[in-house]
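If you're matching them up, the sequences are chains A and B in order.
Per the working numbering, residue 1 is the first one in the first sequence, and the count goes up by one each step.
Per the working numbering, residue 1001 is the first one in the second sequence, and the count goes up by one each step.
Before any comments, here is the structure.
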Amino acid sequence: MHMHKLERLWLMIGSGALILFLMVIGVNAFAMGHTPPSDSEILDPTQVDLTAPFDDPGLKKIGENEYELVLVAQAFTFQSNDEIKIPEGATVHFKVTSKDVVHGFQIPKTNVNMMITPGHINTITHTFDEAGQFLILCNEYCGVGHQAMGVPLEVIK
Amino acid sequence: MGVLEEKKETVRKVVTTKEGPNLKGTMIAVMLLGGFIVLSWFSVYWLYMVRL
Ligand SMILES: [Cu+2]
């Protein structure tokens, strides 16, 4: 079959990009262990208050400058028994579930951005290198009080 | 008769020409668009890295 040389070049670039992207996804998933924020851990969304660790949501120190922040999303707040104050430079593992509908979970100026799906344990990790005021907010319309759904997160020196 | 045959010959020549189309402009336009897309990927990657 006759093919114009520029058409051939164009097809080679396209195929090359496809192969490259599939390799990037493969290395990401299998070699680096990257997964979507909502993993396969599930729980009964009607029993959240009785299911650990969501029976006591809040900030827990789990290592040297390493914390686990357990939150329960519910229209229209994120429940925590502790004030969310994190030391500068700490790595925080967020563990969030929802009691009712799908909520959003975003901290502007960071890469923390995930969906909170009821029945799932949604996890994401972030290291706060700079002190300051942050806001955890819901970015998924969840009802009439959606615009008020946010809690402060403070990173202290 | 002779003139008519010559004309037919000319027409046939034009139809069976194997010269390909000129795709230089197409290639340039497509590469410009591709460059823009690649640039936007790197911008998103940069945004991800500064927010890390
Ligand atoms: Cu909302």
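Cβ coordinates follow ideal geometry from the N, Cα and C atoms, glycine included.
The structure presented is a predicted model; accordingly, all values stated were derived computationally and were not measured.
If we call anything under 9 Å between Cβ atoms a contact, is A/Val144 one with A/His126? Translated into the one-based positions of the first sequence, residue 144 of chain A becomes position 144. Translated into the one-based positions of the first sequence, residue 126 of chain A becomes position 126. For A/Val144 and A/His126, no; Cβs fall outside 9 Å.
Return the residues of the segment 53-81 of chain A that lie within a Cβ-Cβ distance of less than 9 Å from chain B, sorted by chain order. From the segment 53-81 of chain A, no residue has a Cβ closer than 9 Å to chain B.
Just to confirm my understanding: we take A/Asn81, look at its own chain, exclude 5 residues before and 5 after, and list those with CB closer than 8 Å. What are they? Counted from its first residue, the first sequence places residue 81 of chain A at position 81. Asp56, Pro57, Gly58, listed in sequence order.
Hey, quick one: how far does the beta strand (DSSP E) through A/Tyr67 stretch, first residue to last? Here residue 67 of chain A corresponds to residue number 67 of the first sequence, with the count starting at 1. That run of the beta strand (DSSP E) goes 66-74.
If distances are taken between C-alpha atoms only, which option among A/Phe134, A/Tyr141, A/Leu50, A/Glu66 comes closest to A/Ala90? As a first step, residue 90 of chain A is located in the first sequence; it is residue number 90 there, counting from the start. Closest in C-alpha terms to A/Ala90, from the list A/Phe134, A/Tyr141, A/Leu50, A/Glu66, comes A/Glu66.
Please check if any C-beta of chain B sits within less than 9 Å of the C-beta of A/Leu135. For the purposes of this step, residue 135 of chain A is taken as residue 135 along the first sequence, with counting starting at 1. Closer than 9 Å to the CB of A/Leu135 there is not a single CB belonging to chain B.
Check whether A/Val48 and A/Thr97 have beta carbons under 9 Å apart: Here residue 48 of chain A corresponds to residue number 48 of the first sequence, with the count starting at 1. Here residue 97 of chain A corresponds to residue number 97 of the first sequence, with the count starting at 1. In contact: A/Val48 and A/Thr97 (Cβ atoms closer than 9 Å).
Which stretch, first to last residue, makes up the alpha helix (DSSP H) that contains B/Thr1026? Within the second sequence, numbered from 1, the residue matching residue 1026 of chain B stands at position 26. Counting along the chain, the alpha helix (DSSP H) containing B/Thr1026 begins and ends at 1024-1051.
So, under 8 Å CB-CB, B/Leu1032 and A/His4 are touching, yes? Tell me the CB distance rounded to an integer number of Å. Counted from its first residue, the second sequence places residue 1032 of chain B at position 32. Counted from its first residue, the first sequence places residue 4 of chain A at position 4. The C-beta distance from B/Leu1032 to A/His4 rounds to 19 Å, too long to fall under 8 Å, and the pair is not in contact.
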